[in-house]
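Read the structure below first, then the notes.
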Amino acid sequence: MSENIQETIVELINQASLYGKDSVRVQHLRHVQELILRKDPSLLDNFLEEVLGFQTDKSPEVRKTIISFIEEACQHDPEVIVKVIDSLRLLLYDDNVLVQKRLIVSMITIYRLTLKWLSKSRLVDENVRSMWESMVNMKIHIIAMLDSDNDGLRTVAIKFIEMLALVLSRRTSDSIIPTSNEQDFSLNLLQDDHRILRRNKLEQEGKDVMEKLLEFTLSQHLSSVNLIAAMGAIANIARQRPDYMSRVVQTFEALQVNLPPTLVDSQVSSVRKIIKLKLLSLLKHPASFDFQPQITTLLTDLGATQAEVLKHLPKVPAESKRKITLSNSEINTKKPKMTIDDTSIFDKDDSNSSISGKGISTSGTHGSTMSSTSTSPSSPYPQHQTAIDITAADLVGKLSIGNVVDLVLVSMFLLPEKMPASFQATYTPIAAAGTPAQIEHLARLLGAQLTAAGYGKGYELMKSQQQAKPKIDDDIDEGKPIASIAGIGRDDLFPSSSADVEGKPMLPSTSGNELSDMPSTSAGITTMSTIPSVQQKKMKPFKLADAIKPIEYDEMQRMSTDSFYRILHAEDVCETAGVGHVRKKTMTSLVCLSERSFRDIYEDYIFADVRKRHDLAFAWLYQEFVYANGYLSILDPNKRKDFTKYDDTLCRLLEYLQEKPDQRDGLFSRLLTNAPLITDNALLVLKRYCQDE
Numbered sequence: 001m002s003e004n005i006q007e008t009i010v011e012l013i014n015q016a017s018l019y020g021k022d023s024v025r026v027q028h029l030r031h032v033q034e035l036i037l038r039k040d041p042s043l044l045d046n047f048l049e050e051v052l053g054f055q056t057d058k059s060p061e062v063r064k065t066i067i068s069f070i071e072e073a074c075q076h077d078p079e080v081i082v083k084v085i086d087s088l089r090l091l092l093y094d095d096n097v098l099v100q101k102r103l104i105v106s107m108i109t110i111y112r113l114t115l116k117w118l119s120k121s122r123l124v125d126e127n128v129r130s131m132w133e134s135m136v137n138m139k140i141h142i143i144a145m146l147d148s149d150n151d152g153l154r155t156v157a158i159k160f161i162e163m164l165a166l167v168l169s170r171r172t173s174d175s176i177i178p179t180s181n182e183q184d185f186s187l188n189l190l191q192d193d194h195r196i197l198r199r200n201k202l203e204q205e206g207k208d209v210m211e212k213l214l215e216f217t218l219s220q221h222l223s224s225v226n227l228i229a230a231m232g233a234i235a236n237i238a239r240q241r242p243d244y245m246s247r248v249v250q251t252f253e254a255l256q257v258n259l260p261p262t263l264v265d266s267q268v269s270s271v272r273k274i275i276k277l278k279l280l281s282l283l284k285h286p287a288s289f290d291f292q293p294q295i296t297t298l299l300t301d302l303g304a305t306q307a308e309v310l311k312h313l314p315k316v317p318a319e320s321k322r323k324i325t326l327s328n329s330e331i332n333t334k335k336p337k338m339t340i341d342d343t344s345i346f347d348k349d350d351s352n353s354s355i356s357g358k359g360i361s362t363s364g365t366h367g368s369t370m371s372s373t374s375t376s377p378s379s380p381y382p383q384h385q386t387a388i389d390i391t392a393a394d395l396v397g398k399l400s401i402g403n404v405v406d407l408v409l410v411s412m413f414l415l416p417e418k419m420p421a422s423f424q425a426t427y428t429p430i431a432a433a434g435t436p437a438q439i440e441h442l443a444r445l446l447g448a449q450l451t452a453a454g455y456g457k458g459y460e461l462m463k464s465q466q467q468a469k470p471k472i473d474d475d476i477d478e479g480k481p482i483a484s485i486a487g488i489g490r491d492d493l494f495p496s497s498s499a500d501v502e503g504k505p506m507l508p509s510t511s512g513n514e515l516s517d518m519p520s521t522s523a524g525i526t527t528m529s530t531i532p533s534v535q536q537k538k539m540k541p542f543k544l545a546d547a548i549k550p551i552e553y554d555e556m557q558r559m560s561t562d563s564f565y566r567i568l569h570a571e572d573v574c575e576t577a578g579v580g581h582v583r584k585k586t587m588t589s590l591v592c593l594s595e596r597s598f599r600d601i602y603e604d605y606i607f608a609d610v611r612k613r614h615d616l617a618f619a620w621l622y623q624e625f626v627y628a629n630g631y632l633s634i635l636d637p638n639k640r641k642d643f644t645k646y647d648d649t650l651c652r653l654l655e656y657l658q659e660k661p662d663q664r665d666g667l668f669s670r671l672l673t674n675a676p677l678i679t680d681n682a683l684l685v686l687k688r689y690c691q692d693e
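Numbering (full-length UniProt numbering), first residue to last: 1 to 693.
Here it is as structure tokens:
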């Protein structure tokens with residue numbers, strides 16, 4: 001039986017090697033994959049090299065099939081990863097985007113399998129170390145694809161980073177793991193004394209890539225496809241890793257008032273619906289108990305009804321309620337001036353530190369442990385509060401009725417004459433306006449916008465901490481971690497100066513709250529102040545004349561001449577691409593329509609190798625004849641026929657061929673016989689030619 005399978009595999013590989021339809025060759029390779037990996041896996045070592053030989057095939061479909069084969073082979077035997085790592089690296093740098101996307105999708109499974117296999121393997125040789133080093137480099141390359149110009153590559157890179165954030169973190173008792181992912185790797189399975197994998201560095205790397213993903217979600221250049229993929233990824237991570245719940249809620253909070261300006265009205269409405277669905281799914285999570293005030297306020301702004309919110313509230317066991325009540329009572333004993341209501345909305349984040357001298361502290365419950373100065377080791381952000389938390393806490397006391405009225409009056413000058421359709425479609429009346437909960441929510445919205453714009457107490461504090469933080473070198477085993485930024489981030493949460501941010505407009509709030517759009521200074525909102533220039537630029541209508549500078553005539557001539565030279569010297573490139581006829585048509589049209597300069601350049605180019613480029617001369621002559629007769633729609637139909645330029649071109653070509661005895665044979669006669677019209681001056685040239693003969 002095994003011999004028959006081997007013979008069949010050999011025959012199929014030989015047929016796939018022959019040139020034919022790609023679909024037939026792919027079908028043969030898939031049959032090989034089925035026979036080897038599903039019928040007789042023992043044959044994998046015998047035919048692995050033969051199958052990998054197709055990785056350099058010209059057909060992208062064949063290369064994608066090889067990626068599928070490698071992925072399934074690694075699932076059958078993880079030790080194969082050492083043998084196929086070079087093939088994976090080669091295919092990652094493939095010229096075809098579809099092949100790259102398929103490879104990244106497979107890397108999601110292969111990287112997870114690699115970690116699981118290495119965590120159980122005790123035999124680590126040089127081949128394994130080299131494989132892991134290549135895997136780390138590939139991982140860094142895929143993460144960098146978040147900045148790719150291709151939306152499809154960015155989408156699969158988001159899914160890969162989602163996998164990284166999950167496998168490079170620990171599961172907790174509150175983690176909700178899908179059934180299909182229950183056997184996946186997590187840092188809980190890794191021992192501390194592993195020879196290659198170091199738990200602390202992997203865990204820090206997981207936090208770094210999570211920060212990278214959160215910042216990417218808030219960037220202003222995202223398409224709707226990338227934004228939806230990123231929102232789904234961070235929501236899924238929060239459900240499986242509740243330690244990230246606080247940061248994810250903060251990200252949705254900032255995203256709701258700062259949607260990318262590139263989205264059209266229909267996309268804005270769709271994104272808001274998805275934010276609502278993701279928040280409802282997070283609200284149902286048991287670990288969302290500490291963030292219910294924030295989530296419910298956001299849902300209310302997004303148009304969720306009270307019935308929807310109540311339906312998705314998690315059921316907290318009585319024992320957990322007693323623990324939370326006991327913990328809250330201990331905090332109230334230590335800090336009698338702080339009540340549960342005072343801190344329940346914006347102080348329950350994943351960072352539990354206290355800023356001395358500022359009166360800012362958090363309770364940050366993850367599980368049942370609560371402390372105002374420290375956190376459990378499993379908390380992903382134990383160092384400090386986020387910039388939004390600090391700025392929001394600073395703003396709460398300053399949002400008095402007088403200051404709010406002043407802000408509203410100042411913002412009236414920036415309102416458009418007509419309500420935008422997108423705002424009208426997404427506007428939701430503010431529930432419980434003026435209540436402490438709504439004021440704190442408003443402070444957080446303002447804090448998110450101020451932090452993104454580079455203002456506020458939290459921004460200044462976090463910026464100083466980032467500058468004072470020493471750089472930690474990483475070894476080659478883990479690669480360089482992605483730079484982590486504390487607090488909610490945008491494309492660059494902490495730019496080098498505030499001037500870097502002034503040119504970035506912020507999308508107006510779609511929650512219906514005018515106050516959330518108002519900027520402030522780092523000193524807080526205490527008096528009426530001038531609106532920053534970023535808001536004025538946002539409301540100013542775009543005029544093309546204001547954005548460009550007129551080009552001088554000499555500069556235009558130089559640029560056009562340079563462009564024409566580039567077309568002339570692109571002969572080999574155009575012929576290779578099969579667009580040589582387009583190049584010829586473009587050149588002759590430009591020469592016929594332009595001034596004398598292009599004609600002289602074109603003549604010199606043709607006469608430099610007239611035997612090879614005589615077809616350009618014929619094309620030029622016919623184009624001049626067409627223009628002279630007025631056969632083109634771009635010409636004035638009432639214009640009289642003028643053969644002056646045609647006559648001049650024909651005579652110049654004939655005179656040149658007459659003066660070059662070594663080149664005139666055949667070409668002079670062909671030009672005369674193929675010319676669409678023989679002018680009087682051309683007959684004179686012919687007469688001189690006959691006299692010379």
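Ideal Cβ placement from N, Cα and C applies to all residues, glycine included.
Check, Outcome
"Residue 93, DSSP secondary structure in three states", "coil"
"Limits of the alpha helix (DSSP H) - the one that residue 670 falls within", "667-674"
"Inter-residue CB distance, residue 391 and residue 450 (contact presumed, cutoff 8 Å)", "6 Å"
"Proximity winner among 264, 552 and 135, relative to residue 420 (alpha-carbon distances)", "264"
"Residues near residue 202 by beta carbon distance below 8 Å, same chain, minus five either side", "168, 187, 190 and 478"
"Exposure label - residue 700; buried when at least 16 CB within 10 Å", "For the chain, the structure presents residues 1 to 693; residue 700 sits outside this window and is missing."
"Neighbour-count burial assignment, residue 441, 16 or more Cβ in a 10 Å radius", "buried"
"Sub-8 Å separation of residue 235 and residue 245 beta-carbons", "no"
"Option nearest residue 221 by Cα separation, candidates 206, 243, 261 and 256", "261"
"Supposed close pair residue 107, residue 143 - CB separation, criterion 8 Å", "Residue 107 to residue 143, Cβ: 11 Å. No contact."
"Residue 458 versus residue 446 - alpha carbon distance", "12 Å"
"Residue 194 - DSSP class collapsed to helix/strand/coil", "coil"
"Under the three-state DSSP convention, the category residue 384 falls into", "Low per-residue confidence applies at residue 384: pLDDT is 39, beneath 50, and the placement is therefore not dependable enough to give any value."
"Residue 75, buried or exposed, once every other Cβ within 10 Å from all chains shown has been counted against 16", "exposed"
"N- and C-terminal bounds of the alpha helix (DSSP H) containing residue 292", "292-301"
"Where the alpha helix (DSSP H) containing residue 47 begins and where it ends", "44-52"
"Separation of residue 434 from residue 179, as counted between CA atoms", "45 Å"
"Residue 598 versus residue 604 - alpha carbon distance", "10 Å"
"Coil, strand or helix - residue 608 by DSSP", "coil"
"Whole runs of the beta strand (DSSP E) within the segment 101-188, excluding any shorter than 3 residues", "none"
"Identity of the residue in 89, 25 and 40 nearest residue 4 by Cα", "40"
"Anticipated Cβ contact below 8 Å, residue 71 with residue 109, distance rounded", "6 Å"
"Residue 66 vs residue 51 beta-carbon contact at 8 Å", "yes"
"Between the CA atoms of residue 69 and residue 49 - distance to the nearest angstrom", "12 Å"
"At least 3 beta-carbon pairs within less than 8 Å: the segment 609-629 vs the segment 547-563", "no"
"Distance between residue 14 and residue 174 (C-alpha atoms, nearest Å)", "53 Å"
"Beta-carbon gap between residue 84 and residue 60 smaller than 8 Å", "no"
"Residue 429 (DSSP reduced to helix, strand or coil)", "coil"
"Cβ-based burial, residue 275 [other Cβ within 10 Å; buried from 16]", "buried"
"Under the three-state DSSP convention, the category residue 614 falls into", "helix"
"Residues of its chain near residue 91, where Cβ-Cβ distance is below 7 Å and the 5 sequence neighbours each way are ignored", "55, 63, 67, 99 and 103"
"Buried or exposed (CB count within 10 angstroms, at least 16 for buried), residue 644", "exposed"
"Other residues of its chain near residue 588: CB distance less than 6 Å, five sequence neighbours each side excluded", "619, 620 and 623"
"heavy atom of the ligand GDP below 7 Å from residue 564 C-beta", "No copy of the ligand GDP occurs in the structure displayed, which carries no ligand at all."
"Residue environment, residue 228, which counts as buried when at least 16 other CB atoms sit within 10 Å", "buried"
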